[in-house]
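From first to last, the protein sequence lines are chains A and B.
Numbering of the first sequence is given in the working numbering, commencing with residue 121 and proceeding in unit increments.
Numbering of the second sequence is given in the working numbering, commencing with residue 176 and proceeding in unit increments.
Note that CB positions come from ideal geometry on N, CA and C, so glycine has one too.
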Amino acid sequence: MKKKLVGVVSGKGGVGKTSVTASLASLAKQDLDVEVISMDCDVDAPNLAIILPPDDQSKIEKKDIFATLKSEFLEEKCSNCKLCIEDHFCEFNALSWDEHNSIPKIDYLKCEGCGACKVLCPTHAFKIDAVKSGEIISFRCKKGFPLIYGKTQLGSTTSGKLVSDCKEYLKNIKEFNNTDLILIDGPPGIGCPVIATIANLDYVITICEPTPSGLHDLMRVIEVIQQFNIQFGVIVNKSDLQSPFQDNFNKYINDTGHRILGKIPFDLSIPKAMSYTKTVIDYAPDSKSSMAIKEIYQNLKHELWNNILS
Amino acid sequence: MKTKKPKIVCITGGKGGTGKTLCAVNIAIMFKNEGYNVLLIDGDVENPNTYLLLNGKLENKIEVPFFMPQILEDRCSKCGLCSQNCASHALLYIDDSIPILMSSLCSGCKLCYKICPENAINPDFKTIGWTYSTEISDLSLLIGELKPSEARSAGIVEKLIENLENDLQKEPNKFDIIIFDTAPGAHCDVELLIDKSDIVIPITEPTRFGKLDLGRIIELINLLKKDYKVIVNRSSLLGYKDQFLAELQEENIKVLGDIPMDSDIVDSYCIGKPLMDKENGFNNNGAGFIAFTHIYENLKKWLEFN
């Protein structure tokens with residue numbers, strides 16, 4: 121089968137990306153036709169490993185990533201000319217003047233490592249260093265397939281870059297060549313890390329819930345997915361929510377004709393499963409949510425491999 | 176009742192979907208109910224939702240421009256200096272040809288513009304999003320929106336902060352309280368708003384996901400040296416709750432209040448009428464209503480508003 125990279129995203133947070141990703145990966149593992157790798161690219165708040173914990177704690181691989189650039193001030197080279205402030209070297213307002221010592225100060229969090237100060241300073245009193253932007257962790261999960269995830273170093277301001285690094289890392293693990301399906305749990309939103317997640321994917325699953333915010337955020341994430349020209353399908357979570365907004369939501373779905381992969385009814389089995397660190401299909405295989413996710417898995421397979429167009 | 180300098184309260188959470196916007200809107204409404212002048216700033220610029228919960232419209236749209244180099248081909252000497260010094264690799268240079276701009280990678284540092292020996296780079300702008308300012312139900316609302324497919328969300332958040340600072344400079348006493356609603360996660364957009372605030376309220380839920388992400392956001396709050404207390408939403412969710420609360424206590428994490436699951440909350444959310452607005456006529460004895468009232472009293476004490 122042709123290898124497929126599939127991302128699970130949502131405009132709005134907390135709509136079930138991780139629960140669904142973990143369940144779909146488990147179903148793929150049970151499926152004899154498919155070899156699967158799972159990834160968590162929600163590098164700000166990676167949670168997939170909670171439901172898919174490692175099989176052997178001693179075999180967790182960690183790699184530090186140094187992709188963030190930061191400026192460092194070299195006081196011995198400074199001629200105290202204050203040009204860096206007067207000529208506004210830094211567009212990110214990371215430079216301020218320390219009146220007491222007559223030297224510039226760098227606000228580490230604001231610094232984007234662009235190197236403008238380094239290039240523009242007449243006495244070369246700044247240098248740029250790579251600092252730790254996060255780490256990539258990988259292991260074989262208890263279910264027997266590989267899990268890779270990234271975790272940002274707080275304050276390093278480079279979520280999108282770390283996502284791209286995770287996707288590169290994936291290609292170098294030994295299981296990659298024989299894998300059919302790579303399932304990626306994505307970040308919420310539509311910004312930099314989301315764009316980095318969905319770039320070059322074969323398919324995107326977008327999860328939403330039938331509320332005004334849910335619809336608003338769904339429309340925005342679809343706009344981004346369409347810009348990248350990637351095929352996508354929608355999962356409606358909490359689909360039976362007693363909400364006066366259901367009609368508006370259904371009208372949007374019907375009018376746009378977006379592909380619906382399935383609807384998952386509200387079911388307390390999902391948070392319960394999570395509290396036992398299990399996927400819902402393991403914890404409550406006959407629950408209504410598990411049945412819905414199994415149907416979604418079949419629909420996804422059809423979308424990925426049986427669709428004549430692809 | 177007037178306080179001198181407005182207090183800035185930042186509602187955040189780490190994890191998505193824990194109820195940040197719900198809490199930000201209802202806390203803003205409760206201050207309004209008592210006659211305070213409230214400014215609510217929606218800093219979840221990837222997906223601003225506050226106005227939906229208030230059933231309001233986006234008004235006074237202003238474009239947020241972002242630097243974009245424009246290469247003046249007739250001036251360019253094809254030396255490649257701009258490309259060599261571009262840390263974000265947004266200028267692609269092939270020997271003896273005019274550099275090609277990949278605008279999505281540009282960080283906006285303007286270094287190319289500043290160093291070009293031929294003055295062949297013109298500081299042009301593109302729109303990366305918009306800000307809106309509006310009044311809904313006697314609340315002042317300032318909203319940022321990232322244009323879909325643009326990546327530099329922090330540029331919009333910076334614009335919101337700049338607008339706020341300008342406002343406060345003109346009229347320092349206009350507001351009694353300012354409430355920020357942030358994006359999920361712990362990235363630069365969230366960091367900028369936490370840094371600007373007096374106190375922080377992370378919204379969490381008693382699940383393992385909630386706990387892990389709460390730990391991350393608290394780490395960031397500590398890094399920025401801010402005082403915080405958490406709100407536990409969906410507190411009637413059992414299973415992990417007891418362990419969750421025990422862990423909070425053990426780690427000395429203070430709780431401002433908790434909100435049980437309540438159908439009034441879902442209804443108010445879906446019709447865009449905030450639960451705590453007196454005019455909306457929700458049941459004063461509902462579990463959600465009582466919980467928010469309790470949170471409000473605790474928050475006022477914390478802010479020394481009484």
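Item: Apart from the five residues just before and just after Asn-426 (chain A), which ones in its own chain have a Cβ nearer than 8 Å to its Cβ?; Value: none
Item: With which residues is Trp-217 (chain A) paired in a DSSP beta bridge?; Value: A:Pro-224
Item: Can you grab the Cα-Cα spacing for the pair Leu-280 (chain B) / His-264 (chain B), in whole Å?; Value: 7 Å
Item: Once DSSP output is grouped into helix, strand and coil, what is the label at Val-163 (chain A)?; Value: coil
Item: Which two residues bound the contiguous beta strand (DSSP E) that contains Gln-362 (chain A)?; Value: First-last for Gln-362 (chain A): undefined, no H or E at that position.
Item: For Ile-484 (chain B), does the count of other Cβ atoms within 10 angstroms reach 16, so buried, or fall short, so exposed?; Value: Nothing in the structure corresponds to residue 484 (chain B), since chain B is present only between 176 and 481.
Item: Just verifying my parser: in three-state terms, what is the DSSP assignment at Ser-158 (chain A)?; Value: strand
Item: Provide the residue span of the alpha helix (DSSP H) that contains Cys-363 (chain B), from first to last.; Value: 363 to 371
Item: In terms of alpha-carbon separation, which member of A:Ala-245, A:Leu-240 and A:Ile-157 lies closest to Lys-225 (chain A)?; Value: A:Ala-245
Item: Contact criterion: CB-CB distance below 9 Å. Does Glu-238 (chain B) meet it with respect to chain A?; Value: no
Item: Report the residue from B:Lys-448, B:Lys-232 and B:Pro-435 whose alpha carbon sits nearest the alpha carbon of His-469 (chain B).; Value: B:Pro-435
Item: With Asn-260 (chain B) as the anchor, note down where its beta strand (DSSP E) starts and where it stops.; Value: Where Asn-260 (chain B) is concerned, there is no enclosing beta strand (DSSP E), given that its DSSP letter is neither H nor E.
Item: Just checking: is the beta-carbon of His-365 (chain A) within a distance shorter than 9 Å of some beta-carbon in chain B?; Value: Correcting the residue type first, residue 365 (chain A) is Phe in the shown sequence and not His. True, the Cβ-Cβ gap to chain B drops below 9 Å.
Item: Taking CB distances under 9 Å as the criterion, tell me whether Lys-132 (chain A) reaches chain B.; Value: yes
Item: Rounded to the nearest angstrom, how far is the Cβ of Leu-338 (chain A) from that of Gly-131 (chain A), given a contact under 8 Å?; Value: 6 Å
Item: Beta-carbon within less than 6 Å of Cys-231 (chain A)'s beta-carbon, same chain only, minus the 5 sequence neighbours each way: which residues are those?; Value: Lys-190, Ser-191 and Ala-214
Item: I'd like the list of long-range same chain contacts for Asn-320 (chain A), defined as Cβ closer than 6 Å, with 5 residues on each side in sequence excluded.; Value: none
Item: With 9 Å as the threshold, decide whether the Cβ of Ala-203 (chain B) is near any Cβ in chain A.; Value: no
Item: For Met-394 (chain A), go through chain B and note every residue whose CB falls closer than 9 Å to its CB, in chain order.; Value: Thr-382, Arg-383, Phe-384, Gly-414 and Tyr-415
Item: Since Glu-442 (chain A) meets chain B, which of its residues come closer than 9 Å, beta carbon to beta carbon?; Value: Any property of residue 442 (chain A) remains undetermined from this structure, which presents chain A solely from 121 to 430.
Item: When you compare the CB positions of Val-405 (chain B) and Pro-377 (chain B), do they come within less than 9 Å of one another, or not?; Value: yes
Item: What residues from chain A crowd round Val-184 (chain B), counting only those whose CB sits closer than 7 Å?; Value: The contacting residues do not exist; Val-184 (chain B) stays about 20 Å from chain A at best.
Item: Per DSSP, what kind of secondary structure is Leu-474 (chain B) in: helix, strand or coil?; Value: helix
Item: Who are the near neighbours of Gly-191 (chain B) in its chain, counting only those whose CB is closer than 6 Å to its CB and skipping five residues on each side?; Value: Pro-359
Item: Looking at chain B, is there any beta carbon in it that lies within less than 9 Å of the beta carbon of Ala-165 (chain A)?; Value: yes
Item: For Val-314 (chain A), decide whether its Cβ has a neighbour in chain B, counting only Cβ atoms nearer than 9 Å.; Value: yes
Item: Is any beta-carbon of chain A found at less than 9 Å from that of His-362 (chain B)?; Value: yes
Item: Run down chain B in chain order and give the residues with a C-beta less than 9 Å from the C-beta of Gln-347 (chain A).; Value: Pro-323 and Ser-324
Item: For chain C, check one thing: does any of its Cβ atoms lie closer than 9 Å to the Cβ of Arg-340 (chain A)?; Value: Structure shown: chain C not included; protein chains present are A and B.
Item: Does the beta-carbon distance from Val-324 (chain A) to Pro-307 (chain A) come in below 9 Å?; Value: no
Item: If you count every other CB in all the chains shown that lies within 10 Å of the CB of Cys-237 (chain A), and 16 or more means buried, which is it?; Value: buried
Item: Can Ile-296 (chain B) and Ile-246 (chain B) be called in contact, C-beta distance under 9 Å?; Value: yes
Item: If you draw a straight line from the alpha carbon of Tyr-269 (chain A) to that of Gly-127 (chain A), how long is it in whole angstroms?; Value: 13 Å
Item: Using a Cβ distance threshold of 8 Å, determine whether the region 246 to 262 of chain B contacts the region 280 to 293 of chain B, with at least three qualifying pairs required.; Value: yes
Item: Using 10 angstroms around the beta-carbon of Phe-464 (chain B), count the other beta-carbons present and answer buried if the total reaches 16, otherwise exposed.; Value: buried
Item: Can you grab the Cα-Cα spacing for the pair Thr-243 (chain A) / Ala-262 (chain B), in whole Å?; Value: 20 Å
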